[in-house]
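Number of protein chains: 2
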Amino acid sequence: MQQRSEETRARILESAVKLFSDRGFNAASVDDICVEAGISKGAFYHHFESKQALFLALLDGWLKTIDSAIEASKDKTAPETFMQMTEAFPYIFETAGNHLPMFMEFWLQASRDEKIWQASIAPYRRYHKYFTSLIKKGVDEGSFVDVDPQIASRLIVSTAMGLLLQSLLDPKGAKWEKVARESTTMLLNSLIKK
Amino acid sequence: MQQRSEETRARILESAVKLFSDRGFNAASVDDICVEAGISKGAFYHHFESKQALFLALLDGWLKTIDSAIEASKDKTAPETFMQMTEAFPYIFETAGNHLPMFMEFWLQASRDEKIWQASIAPYRRYHKYFTSLIKKGVDEGSFVDVDPQIASRLIVSTAMGLLLQSLLDPKGAKWEKVARESTTMLLNSLIKK
DNA sequence: AAAAACATACCGACCAGTCGGTATTTTCGA
DNA sequence: TCGAAAATACCGACTGGTCGGTATGTTTTT
Chain A
16 MQQRSEETRA
26 RILESAVKLF
36 SDRGFNAASV
46 DDICVEAGIS
56 KGAFYHHFES
66 KQALFLALLD
76 GWLKTIDSAI
86 EASKDKTAPE
96 TFMQMTEAFP
106 YIFETAGNHL
116 PMFMEFWLQA
126 SRDEKIWQAS
136 IAPYRRYHKY
146 FTSLIKKGVD
156 EGSFVDVDPQ
166 IASRLIVSTA
176 MGLLLQSLLD
186 PKGAKWEKVA
196 RESTTMLLNS
206 LIKK
Chain B
16 MQQRSEETRA
26 RILESAVKLF
36 SDRGFNAASV
46 DDICVEAGIS
56 KGAFYHHFES
66 KQALFLALLD
76 GWLKTIDSAI
86 EASKDKTAPE
96 TFMQMTEAFP
106 YIFETAGNHL
116 PMFMEFWLQA
126 SRDEKIWQAS
136 IAPYRRYHKY
146 FTSLIKKGVD
156 EGSFVDVDPQ
166 IASRLIVSTA
176 MGLLLQSLLD
186 PKGAKWEKVA
196 RESTTMLLNS
206 LIKK
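For the record, the sequence lines run as chains A and B. Just so it is clear: in the first sequence, position 122 is 137 by this note's numbering, and no numbers are missing. Just so it is clear: in the second sequence, position 15 is 30 by this note's numbering, and no numbers are missing.
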């Protein structure tokens, strides 16, 4: 059976998330990850070609959760989807909040590492397209005012990312969950046709 | 005279910006910086206590330029200031664009490194206060609609940061300068009282 | 017995920071 | 104003340690 093998792999992934989040990609050594996972270096390199490959595996898993979230909100209307996203904010700020530094690492690595960039840019563009079409649908349905969907999409994604960034720098500087919710409301108010 | 000394220091700073931007804080070694600056390691450690100290010096310089920019727009009205910021976007995306990865590094380091966090959090909060008061002024003057200045401030800063982040990941994915300008316009339109 | 999973010792590269010494600039007394 | 001492700026070899990755051997599963 490969049960033990899968468990080991899962433990490596889990430990990597924890250590990358806490210390960053560079500062978290392979040895650290092995100790945290309670396995040997041999086991690590049996499961992953390199440290970067582990990174990519993590990225892959993350992108898949986003995909399934999008899939889940497939046949709702545009305003409905946005509302749903607003309601998801507490969850995002609680859980993803701890992993934020790691996502930042992803971002940085992607901007400098060709392979990682290749792996992330396609999903990123796909999400942008999805968002854009969502807004376009809203405009066509008449529930949104007449905005450029491309621009509005960037604007909304920017807001989400910027809020997360700010919350990363100054977690206790504001009630971020509340700020996020009200910001979304403000944005929606300027989008929704009265 | 300390002319030579100052020149050396300036060259170190300059080289550090270049290398930190290109490769990141960790990947850019002190040796690399010394070679780039055309000086020896001894000279480096004569001018800076540590690599981190150099990082802080860079941060300091950056914050000072922001301060002077704020100072310059002291006695303008709120909408005027925002318009001015919009006009500054091309410049920001052109020049700061190359240094963006480094600013990300600042951010990440700040979230993990107590000293760097201490150095950045005060200015960050100061800027937030400035922004908030600027919006409050606009509301009181009657040129802005009645929004929570705190929230609006976070929202605007988020947008700027998020756009920069997106442009970092996918520089050729959009005409970012245009997106930035139109996003600002959209935000302003929802802020300005008609 | 064969193959997959895991362990351990080890390697070479790299890196932040040090240290003893040298070159250049500044200070100051004669 | 000149020259020597003091201070500052700079040099580059070296150190102690870390890290990603490998080689080789052992255990566990099939």
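Where is the CB? At the ideal position from N, CA and C, for every residue including glycine.
Among the options, the one whose alpha carbon lies nearest that of residue i
| i | options | result |
| --- | --- | --- |
| A/F108 | A/F97, A/F63, A/S182, A/K152 | A/S182 |
| A/Q124 | B/M117, B/N204, B/L78 | B/M117 |
| A/C49 | A/R38, A/G39, A/N41, A/L34 | A/L34 |
| B/A137 | B/K79, B/H62, B/P105 | B/K79 |
| A/F146 | A/D161, A/Y60, A/S65, A/Q165 | A/Q165 |
| B/A111 | B/L170, B/R38, B/W77, B/I85 | B/W77 |
| B/Y60 | B/E86, B/K91, B/R38, B/L28 | B/L28 |
| A/K91 | A/Q133, A/I150, A/K56 | A/I150 |
| A/E86 | A/M119, A/R141, A/R38, A/Q133 | A/R141 |
| A/R38 | A/K187, A/L170, A/M119 | A/M119 |
Own chain partners of residue i with C-beta closer than 7 Å, once the 5 adjacent residues on each side are dropped
| i | result |
| --- | --- |
| B/S88 | T96, Q99 |
| A/G153 | A93, P94, F159 |
| B/L179 | L115 |
| A/W122 | none |
| A/A189 | none |
| B/P105 | E192 |
| B/L203 | F97 |
| A/N113 | S36 |
| A/K187 | none |
Partner residues on chain B for residue i, Cβ-Cβ distance less than 8 Å
| i | result |
| --- | --- |
| A/W122 | M119, L180, L183, L184 |
| A/M201 | V162, I166, A167, L170, S205 |
| A/T101 | In chain order: nothing, as chain B lies at least about 14 Å away. |
| A/P116 | L123, S126, R127 |
Opposing strand residues paired with residue i [DSSP bridges]
| i | result |
| --- | --- |
| A/I207 | A/F159 |
Under 8 Å between C-beta atoms of residue i and residue j
| i | j | result |
| --- | --- | --- |
| B/T174 | B/T101 | no |
| A/E197 | B/D163 | yes |
| A/L73 | A/S135 | no |
| B/Y139 | A/D47 | no |
| B/S126 | B/H143 | no |
| A/I54 | A/R19 | no |
| B/I131 | B/F70 | yes |
| B/V194 | A/G177 | no |
| A/S58 | A/T23 | Inspection of the sequence shows that residue 58 of chain A is occupied by Ala rather than by Ser. It is a contact, given that the beta carbons lie within the stated cut-off. |
| B/M201 | A/S36 | no |
| B/E51 | B/S83 | no |
| B/K208 | B/G157 | yes |
| B/K66 | B/V32 | no |
Partner residues on chain A for residue i, Cβ-Cβ distance less than 8 Å
| i | result |
| --- | --- |
| B/D163 | E197 |
Within chain B, the residues that residue i reaches when beta carbons sit closer than 9 Å
| i | result |
| --- | --- |
| A/I136 | L184, D185, G188 |
| A/N215 | The structure shown does not extend to residue 215 of chain A, since chain A is modelled only from 16 through 209, so no value can be given for it. |
| A/G153 | Those do not exist, as A/G153 stays about 15 Å from chain B at its closest Cβ, beyond 9 Å. |
Within chain A, partners of residue i - CB distance below 9 Å
| i | result |
| --- | --- |
| B/R141 | Those do not exist, as B/R141 stays about 12 Å from chain A at its closest Cβ, beyond 9 Å. |
| B/M98 | By Cβ distance, chain A contributes nothing, its closest Cβ being about 18 Å from B/M98, past 9 Å. |
Same chain, Cβ closer than 6 Å to residue i, neighbours up to 5 away in sequence not counted
| i | result |
| --- | --- |
| A/A43 | L34, F35 |
| A/F63 | L69 |
| B/E21 | none |
Proximal chain A residues relative to residue i, where beta-carbon distance stays under 7 Å
| i | result |
| --- | --- |
| B/A125 | L184 |
| B/V194 | I166, R169 |
| B/G39 | L123, R127 |
Beta-carbon proximity list for residue i, same chain, < 8 Å, skipping 5 on both sides
| i | result |
| --- | --- |
| A/D161 | V154 |
| A/K56 | V45, D46, C49 |
| B/I81 | P138, Y142 |
| B/S148 | P164 |
| A/L170 | L202 |
Cross-chain neighbours of residue i in chain B, by beta carbon under 7 Å
| i | result |
| --- | --- |
| A/T174 | L170, S173, T174, G177 |
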